[in-house]
Amino acid sequence: MKILVVEDDRSIADSLVEGLTAEGYTIEHASTGAAALAATDYDLVLLDLGLPDMDGRDVFRELRTR
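Numbering follows our numbering, with no gaps: position 31 of the sequence shown is 26.
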């Protein structure tokens, strides 16, 4: 399973990526909403709502339309 982790705080992102990778998941990390919207081929998204370039809720709405 491939998980897209959308988190701008590096320490939180690193912890998530490390823990999920240790459990056998394939991880892609995006630190902005734009990077999240550019990502492809993931099964699950862990999404921070407070991103530096856009509201996480807007990212969520756009991802749902896909």
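C-beta atoms are modelled at their ideal positions from N, C-alpha and C, and glycine is treated no differently.
Predicted model only: the values in this text are computed from it and were never measured.
Residue i - containing alpha helix (DSSP H), residue span
i: residue 18; result: Premise fails: residue 18 is in no alpha helix (DSSP H) and is neither H nor E.
i: residue 29; result: 28 to 33
Inter-residue spacing [alpha-carbon to alpha-carbon] between residue i and residue j
i: residue 38; j: residue -4; result: 6 Å
i: residue 29; j: residue 13; result: 23 Å
i: residue 23; j: residue -2; result: 6 Å
i: residue 59; j: residue 4; result: 24 Å
i: residue 46; j: residue 26; result: 8 Å
Residue range of the beta strand (DSSP E) that includes residue i
i: residue 42; result: 39 to 42
i: residue 46; result: Premise fails: residue 46 is in no beta strand (DSSP E) and is neither H nor E.
Burial state of residue i (16 or more Cβ within 10 Å)
i: residue 57; result: exposed
Exercise for the section: Determine contact between the region 15 to 24 and the region 51 to 58, defined as no fewer than three beta-carbon pairs at a distance below 8 Å. Expected result: Inter-segment contact for the region 15 to 24 and the region 51 to 58 is absent: fewer than three beta-carbon pairs are separated by less than 8 Å.
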